[in-house]
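Worksheet: the structure to be examined is printed underneath.
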Ligand code: PMP
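Numbering (our numbering), first residue to last: 83 to 433.
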């Protein structure tokens, strides 16, 4: 007999994260992780973490970490929301704020989780094509919509939008929530954070996964008007009270407090990125002016997929998206200087 339970399944096409290959001799430049360890205080604090404390639930309001993040940015705790990586924070934002009949707007080439959340949550959306140089056209976001979201710098292009253009988009969108996903902002961009004082409908989302070397701890946060943060918390508490675990809450505090180490790491990655750009252009690659911890590059004669496979054989992992407009591009995360040198040597052999 045919059963019809399958008709009532929430069927989704999931987001596909980059590969996490095993092994010690690989060079992993495929998921934009930081090649440097977290701040020394994180390792130190880890030594004092007691397994016995795991009997107890963590703080539901994540207040220790929220307070540390708020202090770092000169905000009130009531202006900060934390979650299990910025993916969790962004998913909560989609669930909380994108409830209009009108479509949410985001670029056609962008973080490929946005359309997955929209599909899963049955949120109408419309993508806006980047121009031929892969820039976001601010005018595309003037039409009436159900919300706006994009990363700055954009992913996977790495291209930064000026703050004046972001403010222009905000000026044209005061009746919906505007979300700036700043996963990569610390590698040379200017944060839209100061604008939260002026625009009560703006949320700025950041993460500890990239510039703070803590992708494995899963810590993300949103900053915005108190009212927005309250609405986000209401939904979070209606979904899962204890999102962040005890270790992440404690170790996150250590990471956010070490400003000097953070700046040193970002500076090293920026320097390596700029050196890698010169090497890649010497080898015949073209790319936009990335201000993130990756370079999105296409080669003048060899197809991206071929280079991707050849690098993989050499145990160098980069990211290739089989998607319209970008199938001939590779997204190369910035590793240490020595990892990037090996990549360049390997490319010299392949090309
Ligand atoms: N936003 C963008 C643009 C990203 O590239 C990523 C990384 N995949 C995220 C958000 C999510 O990062 P995380 O959940 O590790 O904070």
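The C-beta atom is built at its ideal place from N, Cα and C for all residues, glycine as well.
Do residue 242 and the ligand PMP come close, with the Cβ less than 7 Å from some heavy atom? Residue 242 has its CB no nearer than 7 Å to any heavy atom of the ligand PMP.
Should the stretch 323 to 332 be regarded as contacting the stretch 139 to 146, the criterion being three or more beta carbon pairs within less than 8 Å? yes
Give every residue whose Cβ lies closer than 5 Å to any heavy atom of the ligand PMP, listed in chain order. Qualifying residues, in the order they occur: 167, 168, 169, 193, 233, 237, 263, 265, 289, 291 and 302.
Can you tell me where the alpha helix (DSSP H) holding residue 193 begins and where it ends? Careful: residue 193 lies outside any alpha helix (DSSP H) and carries neither H nor E.
Under DSSP, the beta strand (DSSP E) around residue 302 begins and ends at which residues? 302 to 306
Residue from 317, 372 and 296 whose Cα sits closest to the Cα of residue 125: 296
If we ignore side chains and look at the alpha-carbon of each, how far apart do residue 207 and residue 123 end up? 43 Å
Environment of residue 238 [buried if 16+ CB atoms lie within 10 Å]: buried
Where does residue 156 sit, in a helix, a strand or coil, going by DSSP? coil
Locate the alpha helix (DSSP H) running through residue 350, then write down its first and last residues. 341 to 364
Got a sec, what are the start and stop residues for the alpha helix (DSSP H) residue 122 sits in? 122 to 129
Spatially closest choice to residue 230 from 190, 351, 359 and 215, by CA coordinates: 190
Let me know the secondary structure DSSP gives residue 205 once reduced to three states. DSSP, reduced to helix, strand and coil, places residue 205 outside both helices and strands of the structure shown, so it counts as coil.
Does the separation of the CB atoms of residue 242 and residue 255 fall below 8 Å? no
Let me make sure I understand the geometry here. Which of 414, 244, 92 and 430 has the alpha-carbon closest to that of residue 219? 244
In angstroms with no decimal places, state the Cα-to-Cα distance between residue 203 and residue 365. Roughly 44 Å separates the two Cα atoms.
For residue 276, name the three-state secondary structure that DSSP assigns. helix
For the beta strand (DSSP E) holding residue 284, just list the boundary residues, first then last. 284 to 289
Along the chain, where does the alpha helix (DSSP H) that runs through residue 167 open and close? That run of the alpha helix (DSSP H) goes 167 to 179.
Would you grab the beta carbon distance between residue 287 and residue 304 for me? Rounded to a whole angstrom, and I think it's under 8 Å. 5 Å
Please determine if the stretch 151 to 159 and the stretch 175 to 195 are in contact, where contact requires at least 3 C-beta pairs separated by less than 8 Å. no
Give the range of the alpha helix (DSSP H) segment to which residue 390 is assigned. Note, residue 390: alpha helix (DSSP H), 386 to 395.
Who pairs with residue 399 in a beta bridge, going by DSSP? Bridge pairing for residue 399: 110 [DSSP].
Alpha-carbon to alpha-carbon, residue 291 and residue 132: 24 Å
Below 8 Å, how does it come out for the stretch 401 to 420 and the stretch 369 to 377: are there three or more Cβ pairs, yes or no? Short answer: they touch.
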